[in-house]
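Have a look at the structure below before the remarks.
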Amino acid sequence: VQLQASGGGLVQAGGSLRLSCTASGRTFSSYAVGWFRRAPGKEREFVAAIRRSGTSTTYAGRFTISRDNAKNTVYLQMNSLKPEDTAVYYCASGLQGGSTWYQYDYWGQGTQVTVSS
298 VQLQASGGGL VQAGGSLRLS CTASGRTFSS YAVGWFRRAP GKEREFVAAI RRSGTSTTYA
358 GRFTISRDNA KNTVYLQMNS LKPEDTAVYY CASGLQGGST WYQYDYWGQG TQVTVSS
């Protein structure tokens with residue numbers, strides 16, 4: 298299975314970005330997908346997850362996760378971005394989903410999000 302994260306970039310504080318995670322090589326709708334991020338010098342941090350059922354969890358109300366199984370893609374809509382949201386964002390897939398990294402088996406390469414003040 299391969300996961301491709303995209304949509305990162307440079308945005309001013311208060312702005313929005315939508316990240317995409319596109320999967321290939323597995324039955325996408327049968328798996329949960331999560332987003333994590335890692336800022337320089339910090340631990341990997343949970344951002345959002347969406348399960349096979351479509352139920353979702355996010356760490357902040359500013360973020361929304363959704364999925365389009367027909368396109369094998371999960372989206373992370375990020376609004377009201379803050380400089381502390383600056384990080385490399387990774388998507389991952391697994392059977393369970395959840396907020397801990399070890400619940401995921403496959404990881405994408407990451408996409409950089411930089412929020413300027």
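Each number in my numbering comes from the position in the sequence shown (counting from 1) with 297 added on.
The beta carbon of each residue, even a glycine, is placed where N, CA and C say it ideally should be.
Since we're looking at a predicted model, the values are computed, not measured.
Quick check: residue i and residue j, are their CB atoms within less than 7 Å of each other?
{"i": "Y403", "j": "V298", "result": "yes"}
{"i": "Q400", "j": "Q406", "result": "no"}
{"i": "S317", "j": "Y356", "result": "no"}
{"i": "A336", "j": "V412", "result": "no"}
Kindly list the residues whose CB is nearer than 6 Å to the CB of residue i, restricted to its own chain and excluding five residues on each side of it in sequence; keep chain order.
{"i": "F360", "result": "A345, M375"}
{"i": "S396", "result": "F343"}
Output the distance between the C-alpha atoms of residue i and residue j, rounded to the nearest integer angstrom.
{"i": "T352", "j": "T319", "result": "19 Å"}
{"i": "S390", "j": "S414", "result": "32 Å"}
{"i": "P380", "j": "G312", "result": "10 Å"}
Spatial neighbours of residue i within its chain, please: C-beta separation below 8 Å, excluding the five flanking residues on both sides.
{"i": "R315", "result": "G304, Y372, L373, Q374, M375"}
{"i": "N369", "result": "T319, A320, S321, F325"}
Tell me which residues share the same chain as residue i and place their Cβ nearer than 7 Å to its Cβ, disregarding the 5 neighbours each side in the sequence.
{"i": "Q409", "result": "G305, V385"}
With a threshold of 16 other CB atoms inside 10 Å of the CB of residue i, please say whether the residue is buried or exposed.
{"i": "D365", "result": "exposed"}
{"i": "L378", "result": "buried"}
{"i": "L300", "result": "buried"}
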